Amino acid sequence: MKEKEIERLNKLKAEENKLYESKKVRFICGIDEAGRGPLAGPVVVGAVILPEESFIEGVNDSKKISEKKREKIYEQIIEEAVAYSVGVVDQKKIDEINILNATKLALKMAIEGLQTKPDVIMVDALNNIDTCGIPYISVIKGDAKNYCIAAASIIAKVTRDRMMREWDEIYPMYGFAKHKGYGTAEHIKVIKEKGPCMLHRKSFIKNFV
Numbered sequence: 006m007k008e009k010e011i012e013r014l015n016k017l018k019a020e021e022n023k024l025y026e027s028k029k030v031r032f033i034c035g036i037d038e039a040g041r042g043p044l045a046g047p048v049v050v051g052a053v054i055l056p057e058e059s060f061i062e063g064v065n066d067s068k069k070i071s072e073k074k075r076e077k078i079y080e081q082i083i084e085e086a087v088a089y090s091v092g093v094v095d096q097k098k099i100d101e102i103n104i105l106n107a108t109k110l111a112l113k114m115a116i117e118g119l120q121t122k123p124d125v126i127m128v129d130a131l132n133n134i135d136t137c138g139i140p141y142i143s144v145i146k147g148d149a150k151n152y153c154i155a156a157a158s159i160i161a162k163v164t165r166d167r168m169m170r171e172w173d174e175i176y177p178m179y180g181f182a183k184h185k186g187y188g189t190a191e192h193i194k195v196i197k198e199k200g201p202c203m204l205h206r207k208s209f210i211k212n213f214v
């Protein structure tokens, strides 16, 4: 591993290392979401507890990593994880309770799915959340600042992207494998021409149909 990458990872782990050094924390859970903004598909929240000594090359905000590299790092993360889980809330529920509440629901589901209970949770920019009684720290742009949140962002993004590629096989005309449901000009054009499918969020596309 190059010195520059070691330096970057050490910076990402700085806040977590302070928690470990306090001796009050053994398990830190990183949490992040994927899919708050798309016009179609679910919102997915990833939760992961990595061992204190974890130092996976390339871990970063999932948006800064290529799809091919994300897949590779994802496999390393789940292989090394003490525990990991995902919470998924579909487009119908998003329309019913709104995207913020749907994200919070998916977060709770992800925490409940963990086989190991963390001592503290580090989450990307969410507050007023149900963490099942576990203390949490909310970090603005946490996926770019904290190692465990960045790892969770990769789990959430890869999980959701794989789901959207599967949906693409059922609804190939919309191009879900390419844009993953986000509001690209091409995606919006198809919605206007062909109308929505069951995967679309009605509350997100009302200006296009």
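Under this note's numbering, think of the first position of the sequence shown as 6, with each following residue one higher. Glycine included, C-beta positions come from ideal geometry on N, C-alpha and C. Note that the structure is a prediction, hence the values are computed from the model and not measured.
By the beta-carbon neighbour count (other beta carbons within 10 angstroms, threshold 16), PRO56 is exposed. When DSSP reads this structure, ILE36 sits in a beta bridge with ALA52, VAL128. The continuous alpha helix (DSSP H) containing GLY147 extends over residues 147 to 150. Considering only MET6, SER59, LEU44, VAL48, the residue with the shortest C-alpha distance to GLY180 is LEU44. Counting only residues of its own chain and dropping the five nearest sequence neighbours on each side, GLU72 has a CB closer than 8 Å to the CB of ASP166. Shown here, ILE139 sits in coil according to DSSP, grouped into three states, outside any helix or strand. Three or more Cβ pairs closer than 8 Å define a contact, and the region 30 to 49 meets that threshold against the region 85 to 97.
For ASN65, the closest of ASP124, ILE99, GLY35 by C-alpha to C-alpha distance is GLY35. Proximity to LYS23 across ALA182, TYR152, GLU174 peaks at TYR152, based on C-alpha coordinates. Only residues of its own chain outside the window of five on either side were considered, and among them MET178 have a CB closer than 7 Å to the CB of LYS199, listed in chain order. By the neighbour-count criterion, in which 16 or more other beta carbons inside 10 Å mark a residue as buried, LEU105 falls on the exposed side. Look at the beta carbons and you see the region 111 to 127 touching the region 26 to 34: at least three pairs across the two are nearer than 8 Å.
The three-state reading of DSSP puts VAL91 in strand, counting E and B together. For the options GLY118, ALA182, GLN81, LYS29, the alpha carbon positioned closest to that of PRO140 is the one of LYS29.
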